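Taking my numbering, the leading residue of the sequence shown gets 3, the next gets one more, and so forth.
Each residue gets a CB set at the ideal place from its N, CA and C atoms; glycine is no exception.
Note that the coordinates shown come from a computational prediction; the quantities given were computed from them, not determined experimentally.
Have a look at the structure below, then the notes.
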Amino acid sequence: MGSAAAAEAFETINAALAVLAAEVDEAHCSSAGADPLGGAADTCLTILAGTAGAEARMAALKAKAAVKFADTEASLAPPDAPQQPQEMAVKAEIACVLAIGPRAAGALLYQAHELTTNLPLTLSALQAGTISWQHARVMVDETACLDPAGAAALEAHFLDPEASNPARGCPAGEMPASRFRHKARIWRERHHTESIEKRHAKGVLDRRVEYTPDKDGMAWLAAYLPAATASAIWNRTTAVARRLQGPEETRNLSQLRADAYATALLGGGTGRSINDDGDAGNPGKVPTPRAEVLVTVPVFSLLGATDEPAMLDGYGPIPASMARDVVANGADSFYRLLVDPRDGAALEIGRANYRLTKAMRTWLRMRDGKCPFPGCSNQSLDNEADHILAWHKGGTTGVSNLGQPCPAHHRLRHTSTWRPTPATKNEPPGWISPSGRHYKSEHQDWEPPHWPRELEPHLEPHLKPGLTPEVTPEVTSGGRPPPEPNGHCRVPPDFVRVGLSLGEEGLERMLHGA
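Written out as structure tokens, the structure is:
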């Protein structure tokens with residue numbers, strides 16, 4: 003049996019839960035004022051918000067208790083006791099007390115150990131209720147393959163506001179764990195100590211197709227492929243499915259996508275299939291659209307001057323070599339976006355007309371990466387441009403007044419009182435719900451691109467901060483003078499070169515294999 007203090011504490015917790023349950027049951031009756039239904043709804047939302055924090059704190063408590071129990075059992079075991087049976091006994095005890103399987107108990111012990119020993123910021127956030135147990139599990143998963151310094155840097159980026167490079171946009175705990183995993187994976191890929199080129203080369207060797215029978219005469223077919231290939235297949239099947247939609251079509255988008263995928267692989271069939279000429283085999287001869295892949299690549303990486311990862315829309319970082327290969331093979335739908343070298347953000351464009359140009363739509367897709375509604379993961383190719391401040395109310399057709407919600411949230415905006423809000427000097431963009439609560443939108447966490455070594459901003463010697471640097475022959479010829487320990491200031495690189503420029507050399511290598 004547990005200690006008396008613990009039992010008394012849980013009695014208090016259970017009594018508090020009973021009070022909250024009664025509040026939910028009697029919310030409509032106890033709400034006073036002119037709007038009792040609105041008061042009841044607000045009470046329920048307050049309880050839901052408080053429940054999320056309480057669940058996080060309980061998860062932290064469970065993790066600490068599990069680790070403490072395992073450590074205590076290890077201390078009580080004889081010195082010569084075999085380790086594996088001892089660990090199995092601990093897992094079995096935890097599995098029984100929590101009514102879970104031994105595998106789940108082992109996963110819980112591993113995650114709890116990582117949190118209590120290697121991820122102090124994550125554990126503190128969990129105890130404070132600012133992140134959920136699902137967010138903590140994501141942090142454990144994404145730091146598993148990193149060294150201690152890399153794990154600490156990833157954790158600090160998302161959870162330490164005083165970090166040198168904190169995450170911008172929506173805080174980790176205010177987005178769904180699935181979105182947090184996506185952002186954490188992107189950051190890990192960009193800052194991993196091992197080059198993404200090397201890790202990708204290993205992954206390519208593991209490419210495969212897997213077949214898994216399922217119930218009801220169904221089965222799963224999965225392919226492990228390079229990200230650009232998989233994304234192009236997904237986008238193509240989605241585009242084909244959308245073309246086949248119509249008033250007389252009874253299949254939904256998911257069913258159409260599956261049928262298009264199967265028909266393309268089998269190369270025939272009946273009904274609305276795709277034939278060898280690239281047409282959909284239906285009376286209207288719907289042509290098969292070209293696959294569209296959006297990739298944002300830093301200009302220096304595109305030219306081969308750096309190996310900084312490119313960003314594949316809907317996926318995340320990909321090797322620079324993969325992005326350059328897409329360009330070299332002449333993909334019509336590959337878009338290159340030159341970002342600001344200071345902070346990695348794209349530059350705004352604008353237009354006075356109501357209708358958007360194709361370039362503006364593409365720019366919006368690359369800017370947001372997904373539907374801006376909080377928690378939505380619908381990637382940008384499925385989304386629709388929308389004025390935040392309506393055109394008939396004075397809104398302009400500039401990207402600062404445009405969002406790209408997915409079809410479902412676009413309809414939600416126009417069929418309910420949910421409404422998007424633009425960014426202000428003090429608040430990020432977001433959405434206001436019918437209850438009047440404001441929820442922040444998630445935005446991409448831009449980072450400055452990597453500069454090639456010969457063009458990095460360097461420390462100019464013999465100059466005091468605030469003075470205009472002199473252009474010396476050593477600098478003009480492309481050399482890098484050694485920095486002085488004192489009396490120096492940071493100056494931008496000098497781009498004067500002899501012969502071909504860096505861009506011309508990069509294009510020569512890319513186009514001619516030089």
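Secondary structure of Leu156 (DSSP, three-state): helix. For the 9 angstroms CB-CB criterion, Ala224 and Val211 form a contact. Excluding its 5 nearest sequence neighbours in each direction, Ser379 has C-beta neighbours in its own chain below 7 angstroms: Ser180, Arg181 and Lys372, listed in chain order. In the three-state reduction of the DSSP assignment, Lys217 falls in the coil class.
Excluding residues up to 5 positions away in sequence, nothing lies with its Cβ nearer than 7 angstroms to the Cβ of Thr119 in the same chain. Distance from the CA of Gly219 to the CA of Tyr213, rounded to the nearest whole angstrom, comes to 14 angstroms. Assignment of beta-bridge partners to Ala224 by DSSP yields Glu212. Burial state of His440 is exposed, judged by a 10 Å Cβ sphere holding fewer than 16 other Cβ atoms. By the neighbour-count definition (other C-beta atoms within 10 Å, threshold 16), Gln113 is a buried residue.
For Leu255, the enclosing alpha helix (DSSP H) stretches over residues Leu255 to Leu268. Looking at the DSSP output, Ala91 bridges to nothing.
Among the bridge pairs identified by DSSP, Arg183 is matched with none.
When the beta-carbon positions are compared, Ala97 and Pro87 stay at least 9 angstroms from each other. Apart from sequence neighbours up to five positions away, the residues of its chain that approach Tyr226 with a beta-carbon distance below 6 angstroms are Arg209 and Arg210, ordered along the chain.
Runs of the alpha helix (DSSP H) lying entirely within the region 91–119, each at least 4 residues long, are 104–119 in chain order.
The region 129–149 and the region 45–60 touch, with three or more beta-carbon pairs separated by less than 8 angstroms. Around Gly248, the same chain offers no residue with a beta carbon nearer than 8 angstroms, after the five sequence neighbours per side are excluded. By the neighbour-count criterion, in which a residue is buried when 16 or more other Cβ atoms sit within 10 angstroms of its Cβ, Cys172 is buried. According to DSSP, residue pairing for Ala312 in a beta bridge involves Ile320. Annotation: Pro38 is outside any beta strand (DSSP E); the continuous alpha helix (DSSP H) that includes it extends over Pro38 to Leu78. Between Glu25 and Ile49, the C-beta spacing is below 9 angstroms.
For Val297, the pairing in a beta bridge is given by DSSP as Leu314. Out of Thr239, Glu444 and His452, the CA that lies nearest to the CA of Phe302 is found in His452. Spatial neighbours of Ala43 in its own chain (CB-CB distance under 7 angstroms, excluding positions within 5 residues in sequence) are listed in chain order as Ser437. Residue pairing by DSSP places His440 opposite Ile434 in a beta bridge. Across the structure, Leu47 and Met324 are spaced so that their CA atoms are roughly 46 angstroms apart. Leu404 sits in a strand when the DSSP states are folded into three classes.
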